[in-house]
Amino acid sequence: MSDFKRYTVTSALPYANGPVHIGHLAGVYIPADIYVRYLRGKGKDVVFIGGSDEHGVPITIKARNEGITPQDVVDKYHGIIKKSFGEFGISFDVYSRTTSETHHKTASEFFKKLHAEGKFIEKTSEQYYDEEAKQFLADRYIMGTCPHCNNEEAYGDQCEKCGTSLSPLDLINPKSTLSGSKPVKKETKHWYLPLDKDEEFLKQWILEDHKEWKPNVYGQCKSWLDSGLHPRAVSRDLSWGVPVPVEGADGKVLYVWFDAPIGYISNTIEWAAAKGKDWKPYWQDKESKLVHFIGKDNIVFHCIIFPSMLKAHGDYILPDNVPGNEFLNLENDKISTSKNWAVWLHEYLVDFPEKQDVLRYVLAANMPESKDNDFTWKDFQARNNNELVAIFGNFVNRSAVLTQKYYDGKVPALGELSNYDKETITELESIKGKIEKSLETFRFREALKEAMALARLGNKYLADTEPWKVVKIDTVRVETIMNISLQITANLSIAFEPFLPFTTEKIRTILNIDKFNWEQLGATDLLPAGHVVAKPFLLFDKIEDAEIEAQMNKLLESKKLNEAKNSVATPAKAEMTFDDFTKLDIRTGTILEAEKVPKTKKLLKLLVDTGIDKRTVVSGIAESYKAEDIIGKKVSILLNLAPRKIKGIESQGMILMAENHNGELGFISNEKDFNSGSVIS
RNA sequence: GCCGAGGUAGCUCAGCUGGUUAGAGCGCAGGAUUCAUAAUCCUGAGGUCGGCGGUUCAAGCCCGCCUCUCGGUACCA
Numbered sequence: 006m007s008d009f010k011r012y013t014v015t016s017a018l019p020y021a022n023g024p025v026h027i028g029h030l031a032g033v034y035i036p037a038d039i040y041v042r043y044l045r046g047k048g049k050d051v052v053f054i055g056g057s058d059e060h061g062v063p064i065t066i067k068a069r070n071e072g073i074t075p076q077d078v079v080d081k082y083h084g085i086i087k088k089s090f091g092e093f094g095i096s097f098d099v100y101s102r103t104t105s106e107t108h109h110k111t112a113s114e115f116f117k118k119l120h121a122e123g124k125f126i127e128k129t130s131e132q133y134y135d136e137e138a139k140q141f142l143a144d145r146y147i148m149g150t151c152p153h154c155n156n157e158e159a160y161g162d163q164c165e166k167c168g169t170s171l172s173p174l175d176l177i178n179p180k181s182t183l184s185g186s187k188p189v190k191k192e193t194k195h196w197y198l199p200l201d202k203d204e205e206f207l208k209q210w211i212l213e214d215h216k217e218w219k220p221n222v223y224g225q226c227k228s229w230l231d232s233g234l235h236p237r238a239v240s241r242d243l244s245w246g247v248p249v250p251v252e253g254a255d256g257k258v259l260y261v262w263f264d265a266p267i268g269y270i271s272n273t274i275e276w277a278a279a280k281g282k283d284w285k286p287y288w289q290d291k292e293s294k295l296v297h298f299i300g301k302d303n304i305v306f307h308c309i310i311f312p313s314m315l316k317a318h319g320d321y322i323l324p325d326n327v328p329g330n331e332f333l334n335l336e337n338d339k340i341s342t343s344k345n346w347a348v349w350l351h352e353y354l355v356d357f358p359e360k361q362d363v364l365r366y367v368l369a370a371n372m373p374e375s376k377d378n379d380f381t382w383k384d385f386q387a388r389n390n391n392e393l394v395a396i397f398g399n400f401v402n403r404s405a406v407l408t409q410k411y412y413d414g415k416v417p418a419l420g421e422l423s424n425y426d427k428e429t430i431t432e433l434e435s436i437k438g439k440i441e442k443s444l445e446t447f448r449f450r451e452a453l454k455e456a457m458a459l460a461r462l463g464n465k466y467l468a469d470t471e472p473w474k475v476v477k478i479d480t481v482r483v484e485t486i487m488n489i490s491l492q493i494t495a496n497l498s499i500a501f502e503p504f505l506p507f508t509t510e511k512i513r514t515i516l517n518i519d520k521f522n523w524e525q526l527g528a529t530d531l532l533p534a535g536h537v538v539a540k541p542f543l544l545f546d547k548i549e550d551a552e553i554e555a556q557m558n559k560l561l562e563s564k565k566l567n568e569a570k571n572s573v574a575t576p577a578k579a580e581m582t583f584d585d586f587t588k589l590d591i592r593t594g595t596i597l598e599a600e601k602v603p604k605t606k607k608l609l610k611l612l613v614d615t616g617i618d619k620r621t622v623v624s625g626i627a628e629s630y631k632a633e634d635i636i637g638k639k640v641s642i643l644l645n646l647a648p649r650k651i652k653g654i655e656s657q658g659m660i661l662m663a664e665n666h667n668g669e670l671g672f673i674s675n676e677k678d679f680n681s682g683s684v685i686s
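Per the numbering used here, residue 6 is the first one in the first sequence, and the count goes up by one each step.
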């Protein structure tokens, strides 16, 4: 690893349609920041790139809903996000945005080069066009009736009621949400990146040459590669984004996934220009190590699509590693922006001012490295009180207070070493290598634990040497003990620099010293005899139960609000006539047989006695009912529905079900237990 | 269903190419100690390594089947 001349470290670009929360921090920015701070401490040439992803349809929708421009939306959130990262000490060399001039230029040129060299395929397809608004409609801008559940407010990409993913062309009675008019089908041309052509290359590069990637990342890539890659559109009909820079592409922009990763390059260019440096070696020299820190939702883009783009361009190096983390849950539930189930960074600092490092510590110690992890406030409190306060803060305080007490703050001289001193120093020296090994293999939790071992070592050293006793009989011996204790404290300021930068700054204040570099970690001559240290203060404070309860209550409030929101009944459907209703032939029926349809999760194949006949019905209820439990059940069945084949079985009717907001299903049955075939009206 | 990742002490996790009594931190119990934010230090209890079968002199690690959790994908007339 030390062979690389320079390092280019990127962290996923957060989408600028909301603030950032602890999940973002734990999954991407804390690990990236730890890694980068470590490299800088070693004196490496490293650039740490961040920025906001500001294009794409969701931002335009948010803007429309709030009656402001997309630019207003991204300005607002870019500001909030950038500020949060700054406050938490995420030490980007540059934090820019994809709406910047530099980025538009860089992304355009990237596209132009690939286009000129024939790296894209062009395809024409039919898409919906709004003649009033004079533009093609993104999937999300089209609403209509879901062909599956008849929800009249399904979007062009998905019906939120039944969860089915849709194509706009599937919708019945499509409507443009821009003008309300009925959209028309119109031909449009788009450019595609032929990922399939890189399949063999990617297989070799990832599956053979990068077996060291994390199992979750490697496995996900393998899954994609094994199932075969397909050409992917790189442009969209939309007005918000980087315009497609070729003739006749009016009203078309680069698709966000194509534009966003180029943002890493653009932001590097911006940084280099400001520093008067050349950006190219960071992206084009084989002796540079490129590392992408991401969450698991971004694996395919960073491991397959972006590398394929870089390769097509030809000038670029490919990532050396893509440490992708899993997700962080909050109190046993998925973090959700829309449900406000999150700990927002800007709110955290209002409730816990100056406690950035506590959160950095807890998130680093509990990082979702190998599987989804859970953040709980109780754990947060325990780690603060039992680890940061009791082990780390306490040791620094002990050695500082004793130094004041015995020597008026002057570092005593190191005298003759006992065997135990030597053992302790050996232990101290060994920690550097352990932390390095962990960091270089992206095991951040483990690295943090190794750093904590240093504070534990300090506490143990004091407990075993007992300077407060020895001082009464052998003052010379105590000088050596305190010197070693202070050297350990100084070492803590180095070891924790990547993890807890605010705390190490405080230690330096207490010790009255400047910053050391990483290579000095393990040294026992960091503080010369006679050096005067400052008056000590506490590094960490206990967090009381009441503060934790307040946070729990805050979350419970969100939960209650959500439940209230969910229990509101969906709006009434459009009026219809009685004649329409009488067309429905609904009967009571009895389930005679039931079995799971093979190779499906939700489907049961039922044989139903309708009073008229016995017919087969396929029903998506397997998640609510077990086949063997519903035999003999009385149900309501819609008989005169056109038959339809599902998974090769002809379904001749539909069982009526009630569904609550959790998606649980229940049969509609007659309370008087009528015979099968009774008419329901 | 298919693909991927997981299921190891009460909790959060290590366990690298299979090798002696399965580890760490927190929590818990007992003891020591008082310089320190009742903090610290020592000792200890606690695990049929998701289940069943197999390969092997030897398996938490390899193979097969099953099961549960998370993610992707298919599926709900």
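We put the beta carbon where it would ideally sit given N, CA and C, even for glycine.
Query, Result
"Euclidean distance between Cα positions of F672 and G233", "41 Å"
"Proximity below 9 Å, CB of D144 to CB of P188", "no"
"Endpoints, the beta strand (DSSP E) within which F52 is located", "Checking the sequence shown, residue 52 turns out to be Val, not Phe. D50 to S57 is the extent of the beta strand (DSSP E) around V52."
"Rounded straight-line distance, which links the Cα of V33 to that of D377", "13 Å"
"Pair within 9 Å by beta-carbon distance, E434 and G527", "yes"
"Continuous alpha helix (DSSP H) assignments of at least 4 residues falling wholly in the region 559-635", "583-587"
"Per DSSP, cross-strand counterpart(s) of F141", "Y134"
"G438 versus L646, L462, R461 and A500, residue with shortest Cα-Cα distance", "A500"
"Range of the contiguous beta strand (DSSP E) that encloses Y34", "Run containing Y34: none; DSSP gives neither H nor E here."
"C-alpha gap between N637 and I591, whole angstroms", "For the record, residue 637 in the displayed sequence is Gly; it is not Asn. Distance between the alpha carbons of G637 and I591: 18 Å."
"Which of helix, strand or coil DSSP assigns to P551", "According to the sequence as given, residue 551 is Ala; it is not Pro. In this structure, A551 counts as helix in the three-state DSSP scheme."
"Residue burial classification, V538 (beta-carbon count within 10 angstroms, cutoff 16)", "buried"
"Integer Cβ distance of D135 from L183, believed to fall under 8 Å", "5 Å"
"Backbone CA spacing between E352 and Q289 [nearest angstrom]", "40 Å"
"Span separating the alpha-carbon of N680 from that of L176", "38 Å"
"Limits of the beta strand (DSSP E) - the one that L259 falls within", "K257 to L259"
"G23 vs T342 beta-carbon contact at 9 Å", "yes"
"When P506, Q556, S686 and K117 are compared against E92, the one with the closest alpha-carbon", "P506"
"Length of the line joining the Cα atoms of F504 and I440", "11 Å"
"E421 versus N522: straight-line alpha-carbon distance, rounded", "27 Å"
"Limits of the alpha helix (DSSP H) - the one that G224 falls within", "P220 to D231"
"As assigned by DSSP and simplified to three states, the class of L333", "strand"
"CB of Y12 within 9 Å of CB of K67, strictly", "no"
"Classification of Y425 by the beta-carbon crowding that lies within 10 angstroms, buried from 16 upward", "exposed"
"Segment contact flag, the region 318-329 with the region 354-371, C-beta cutoff 8 Å, min 3 pairs", "no"
"Sequence-distant residues of the same chain with beta carbon closer than 6 Å to M6, five excluded per side", "Because the pLDDT of M6 is 46, which lies under 50, any placement of that residue in the model is unreliable, and the question is left without a value."
"Local Cβ density within 10 Å of E74, reported as buried at 16 or more and exposed below that", "In the sequence as displayed, the identity of residue 74 is Thr instead of Glu. Exposed, by the Cβ-count rule."
"The region 272-287 in contact with the region 94-106 per 3-pair CB rule at 8 Å", "yes"
"Distance cut-off 8 Å: T605 Cβ against heavy atoms of the ligand SAH", "Absence of the ligand SAH from the depicted structure is noted, as is the absence of any ligand whatsoever, leaving it without description."
"Alpha helix (DSSP H) segments (min. 4 residues) lying fully within the region 84-125", "106-121"
"Buried versus exposed, by CB contacts within 10 Å (16 or more), S228", "exposed"
"Inter-residue spacing [alpha-carbon to alpha-carbon] between K202 and H318", "14 Å"
"The beta strand (DSSP E) enclosing V296, as first and last residue numbers", "S293 to G300"
"Contacts around I304, its chain only, beta-carbon distance under 6 Å, and the 5 residues preceding and following it disregarded", "V222, Q225 and G329"
"CB of V640 within 9 Å of CB of L670, strictly", "no"
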